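Residue numbers (this note's numbering): -16 to 90.
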């Protein structure tokens, strides 16, 4: 399983109304650190698909959501539970550091 793309059109269904916790990766095509962290997110998505959904939102294609959630630097990750942001992580990190940040949601 890999992180799947979401858009403004699918945001409510995929993120806000999701039964599981959802990690949203706010990214852009031109962002090197975003591309570097992408395979790590895919691994975490595969290993923890029972507890956490991981989705990607392209900030260039969905500027309204990027503005709404105050994304000023990418990559930025926000964990949503029951439609609310419960955690924010900024910047690319190695897998162990990201897993530590997400421990409450994947343990």
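A virtual CB, placed ideally from N, CA and C, is assigned to each residue, including glycine. Predicted, not measured: the structure shown is a model, and the values here were computed from it.
Short of 6 Å in beta carbon distance, which residues of its chain neighbour residue i, apart from the five on each side in sequence? Order them along the chain.
i	result
residue 43	11
residue 84	72
Please list, in chain order, all residues of the same chain as residue i whose beta carbon is under 8 Å from its beta carbon, the five residues on each side excluded.
i	result
residue -9	45, 47, 48
Are the beta-carbon atoms belonging to residue i and residue j less than 9 Å from one another?
i	j	result
residue 75	residue -12	no
residue 37	residue 78	no
residue 35	residue 68	no
residue 17	residue 57	yes
Label residue i either buried or exposed according to how many other C-beta atoms from any shown protein chain fall within 10 Å of its C-beta, with 16 as the threshold for buried.
i	result
residue -1	exposed
residue 8	buried
residue 59	buried
residue 39	buried
residue 61	buried
residue -5	exposed
residue -3	buried
By the three-class DSSP mapping on this structure, what secondary structure does residue i have?
i	result
residue -8	coil
residue 86	helix
Going by the DSSP bridge assignment, what does residue i pair with across the sheet?
i	result
residue 13	Note: residue 13 sits in no beta bridge, so no partner.
Please go through the same chain and pick out, in chain order, the residues whose beta-carbon is closer than 7 Å to the beta-carbon of residue i, but skip the five residues on each side of it.
i	result
residue 3	34, 35, 36
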